[in-house]
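Taking it in order: structure first as structure tokens, then the write-up.
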Amino acid sequence: MTNGEIVEKRAYPSPNPAIRLTEITYMSQGLRVKGLLAEPKAEGTYDGFLYLRGGMQSIGMVRPSRVAQFAAQGFIVFAPYYRGNRGGEGRDEFAGADRYDAVYAVDVLKQFCNDNIHIYGFSRGGIMALWTAILRRDITSVVTWAGVSDATATYWERPDMRRMMKRVIGGTPNRVPEAYDARTPLFEIENITAPVLIIHGYRDENVDIEHARQLEFYLKDANKTYETWYDLRYAHQYPPTKNRETVHALCEWMKRQ
1 MTNGEIVEKR AYPSPNPAIR LTEITYMSQG LRVKGLLAEP KAEGTYDGFL YLRGGMQSIG
61 MVRPSRVAQF AAQGFIVFAP YYRGNRGGEG RDEFAGADRY DAVYAVDVLK QFCNDNIHIY
121 GFSRGGIMAL WTAILRRDIT SVVTWAGVSD ATATYWERPD MRRMMKRVIG GTPNRVPEAY
181 DARTPLFEIE NITAPVLIIH GYRDENVDIE HARQLEFYLK DANKTYETWY DLRYAHQYPP
241 TKNRETVHAL CEWMKRQ
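For the sequence shown, the residue numbers in full-length UniProt numbering are 1 to 257.
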């Protein structure tokens, strides 16, 4: 079986009557990985939207309502759960080999949409989004919202995640710095060809604003096309009204690329 090949589909309950949801099992490096596909029921040709979730394992799992919200903006959305989640094979590695679950999810998406593929990553999904854009040349745009860009910084900023990161990555940044560097996309940012939109709140205590600033610095240094939407008022999760406004605005930004 080839990477990105679909091996199973099953209908999934949708919170929006205008959006069809399907849970898909696909191949990634010989593993069966699962994800959720959201398609507008209205006839039309739609851009693809790769939704890369935050969190780790059950924390931050793909929410059908969120995926449907983006599909309602006029996209066909695919949201991989990443390996080792919801019955998928392998283990979640926090942007290790599991980055290829996002890379090959693009091939899944291409079976349903037109040639324009946009990537959206939230929180941990930000690091996955950047790696996908680095490893592929067929991406139209990238949005990272409250996104992680530096694995080493995440370890030091998040004491609550250190035990997990030591187990998954193989030690601390002091002990295995090369393993953390290998997960950090900043060092290969020159390979991104798509425009990047960075969205971040200054009050974010989950992913420090410095992740956004470092990403901006590396993009600028590599002479890449990027835009920043920083907000002094907001933390990791934006209030509902502002969240909806930002979802609409970022989707419009994608369509202009």
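Every residue gets a Cβ at the ideal spot worked out from N, C-alpha and C, and that includes glycine.
One or two residues paired with glutamate 227 in a DSSP bridge: Leu197
Kindly identify the DSSP beta-bridge partner or partners of tyrosine 120. Tyr51 and Val143
Pick from Tyr234, Pro177 and Glu190: whose alpha carbon is nearest that of residue 258? This structure cannot settle anything about residue 258, because the visible part of the chain is limited to 1 through 257.
Looking at C-beta atoms only, is the number of pairs between the stretch 108 to 125 and the stretch 43 to 63 that lie closer than 8 Å three or more? Contact between the stretch 108 to 125 and the stretch 43 to 63 is present, because at least three Cβ pairs lie under 8 Å.
Same chain, Cβ closer than 8 Å to tyrosine 12, five either side skipped, listed in chain order: Leu21, Thr22, Glu23, Leu36 and Pro64
Please list the segments of the alpha helix (DSSP H) lying wholly inside the stretch 43 to 98, counting only runs of 4 or more residues, in order along the chain. 64 to 71
Should proline 17 go down as buried or exposed, given a rule of 16 or more other Cβ atoms within 10 Å for buried? exposed
With the cut-off set at 9 Å, would you say threonine 140 and leucine 130 are in Cβ contact? no
Per DSSP, what kind of secondary structure is lysine 110 in: helix, strand or coil? coil
Straight-line CA distance for glycine 54 to glycine 60? So the alpha carbons of these two residues sit roughly 5 Å apart.
The alpha helix (DSSP H) enclosing methionine 254, as first and last residue numbers: 240 to 256
Please list, in chain order, all residues of the same chain as glutamate 89 whose beta carbon is under 8 Å from its beta carbon, the five residues on each side excluded. Leu31, Arg32, Val33 and Arg83
Any contact of the stretch 221 to 237 with the stretch 188 to 207, i.e. 3+ C-beta pairs under 8 Å? Touching, yes.
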